[in-house]
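**Q**
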Amino acid sequence: MSASGEYGGTVPPKENPPRLAGLQARGREGAAGRTVSYSNFVGIMRYVLPLGAILLLGLVIVWPLATGREEGFRITFSDAPDLDGSLRMVNARYIGVDNRNQPYTVTAAEANQPDPNSPLVTLEEISADVFADSGSGQWIAITAREGLYERDARQLDLVGDVSIFSDQGHEFHTDRAHIDLAARIADGDVPLSGQGPLGLLEAGNFFLDENAQSMFFGGGVKMTIFPSGRS
């Protein structure tokens, strides 16, 4: 008998032992189960995450009303305590109502509080819509470089490039002004200049009473009146 007859031919494939085959089968089943579980997890989170974001946003809006405060605030970008415990807020917006229940809004590029419970807030790059009358649509807008906002007293002390604009076409510019948001009055004890449909004005001080729809000037008033008003 030749060597090829004794040892030749195709070698039959080895069969996996039963234990190994079972492990492989269970491995495939486990992988399939994990794939299904992951798909279910992703599907659930697609709904849970947006719902959680909506609930959180609702809490931020409703909380000031639920605690009984007339005024709330909304922070756009940051609300983080500094190392000294003070609170710095970027793009802060303060919303409140005056004694006649008319709304006002004070916004600032940056706001700083000595501590989170302090009623005093230092503001920078201020813009305020105040003394608005929702019935008549009249309004007065004020801008300033910086100021101090007393939240509990609803008063605003402004310093630097203070400008006052009205819906009637008047505008006044001064370096310092005090605004009582609750009482709807404003005053300043430094020179101001202004203009309106009737002419130009310079004065040493002013007092504005929105309740009486009046503005008073003193301290060497100078006026230039346009005979027919401005077109």
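Once you know that position 86 of the sequence shown is 257 in the working numbering, the rest is easy, because the numbers rise by one and skip nothing. For glycine and all other residues, C-beta sits at the position ideal for the given N, C-alpha and C.
(1) Three-state secondary structure (DSSP) at L369?
(2) Round the Cβ separation of D358 and F378 to the nearest angstrom and send it over; I've been treating them as touching at under 8 Å.
(3) What's the gap between the Cα of P434 and the Cα of L352?
(4) Just mark E342 as buried or exposed, buried being the case when its beta carbon has 16 or more other beta carbons within 10 Å.
(5) Does the separation of the CB atoms of F336 and I297 fall below 8 Å?
(6) So is D323 buried or exposed if we call it buried at 16+ other beta carbons inside 10 Å?
(7) Just verifying my parser: in three-state terms, what is the DSSP assignment at L379?
(8) Under 8 Å, do S334 and I313 count as touching if we go by C-beta distance?
(9) From the DSSP output, in three-state form, read off P290 for me.
(10) Beta-carbon separation of G331 and E317 under 8 Å?
(11) Quick check on R325: buried or exposed, where buried means 16 or more other Cβ atoms within 10 Å of its Cβ?
(12) When burial is assigned at 16 or more other CB atoms within 10 Å of the CB, is A282 buried or exposed?
(13) State the DSSP-derived secondary structure class of S399, mapped to helix, strand or coil.
(14) So which of V301, K393 and L291 has the shortest CA-CA distance to L371?
(15) Under 8 Å, do Y275 and D300 count as touching if we go by C-beta distance?
(16) Taking the continuous beta strand (DSSP E) assigned at V268, which residues delimit it?
(17) Going by DSSP, what residue range makes up the beta strand (DSSP E) through H344?
(18) I'd like to check one pair, H349 with L363: are the Cβ atoms closer than 8 Å?
(19) Just mark G390 as buried or exposed, buried being the case when its beta carbon has 16 or more other beta carbons within 10 Å.
(20) Which whole-angstrom value is the C-beta distance of A374 and F388, which I expect to be below 8 Å?
(21) In the structure shown, what three-state DSSP assignment does A315 receive?
**A** Well, looking at it:
(1) By 1-based counting over the sequence shown, the position of residue 369 is 198. The DSSP-derived three-state label of L369 is coil.
(2) For the purposes of this step, residue 358 is identified with residue 187 of the sequence shown, where counting begins at 1. For the purposes of this step, residue 378 is identified with residue 207 of the sequence shown, where counting begins at 1. Contact holds; Cβ gap of about 5 Å.
(3) This structure does not reach residue 434, given that the chain is present from 172 up to 402, and the question cannot be answered.
(4) Counting from one through the sequence shown, the residue named residue 342 turns up at place 171. Exposed.
(5) Against the sequence shown, residue 336 aligns to sequence position 165. Against the sequence shown, residue 297 aligns to sequence position 126. In terms of Cβ geometry, F336 and I297 do not form a close pair [threshold 8 Å].
(6) In the sequence shown, residue 323 corresponds to position 152, counting from 1. It counts as exposed.
(7) Counted from its first residue, the sequence shown places residue 379 at position 208. Annotated three-state conformation of L379 is strand, per DSSP.
(8) In the sequence shown, counting from the first residue as 1, residue 334 sits at position 163. In the sequence shown, counting from the first residue as 1, residue 313 sits at position 142. Yes.
(9) Counting from one through the sequence shown, the residue named residue 290 turns up at place 119. Coil.
(10) Taking the sequence shown and counting its residues from 1, one reaches residue 331 at position 160. Taking the sequence shown and counting its residues from 1, one reaches residue 317 at position 146. It is a contact, given that the beta carbons lie within the stated cut-off.
(11) The count along the sequence shown starts at 1 and reaches residue 325 at position 154. Buried, because 16 or more other Cβ atoms sit within 10 Å of the Cβ of R325.
(12) On the sequence shown, position 111 is the one that residue 282 refers to. It counts as buried.
(13) As a first step, residue 399 must be located in the sequence shown, where it is residue number 228. Correct three-state label for S399: coil.
(14) As a working mapping, residue 371 is identified with position 200 in the sequence shown. Ranking the options by Cα distance to L371, first place goes to K393.
(15) Counted from its first residue, the sequence shown places residue 275 at position 104. Counted from its first residue, the sequence shown places residue 300 at position 129. Contact flag set, yes.
(16) The sequence position of residue 268 within the sequence shown is 97, counting from 1. Start and end: L258 to V268.
(17) Your numbering for residue 344 matches position 173 in the sequence shown. From DSSP, the beta strand (DSSP E) with H344 extends over E342 to D351.
(18) Counting from one through the sequence shown, the residue named residue 363 turns up at place 192. Counting from one through the sequence shown, the residue named residue 349 turns up at place 178. Contact: no.
(19) Your numbering for residue 390 matches position 219 in the sequence shown. Exposed, since its Cβ has fewer than 16 Cβ neighbours within 10 Å.
(20) Locating residue 374 in the sequence shown gives position 203, where the first residue counts as 1. Locating residue 388 in the sequence shown gives position 217, where the first residue counts as 1. With a Cβ gap of about 4 Å, A374 and F388 count as contacting.
(21) Against the sequence shown, residue 315 aligns to sequence position 144. It is a strand residue.
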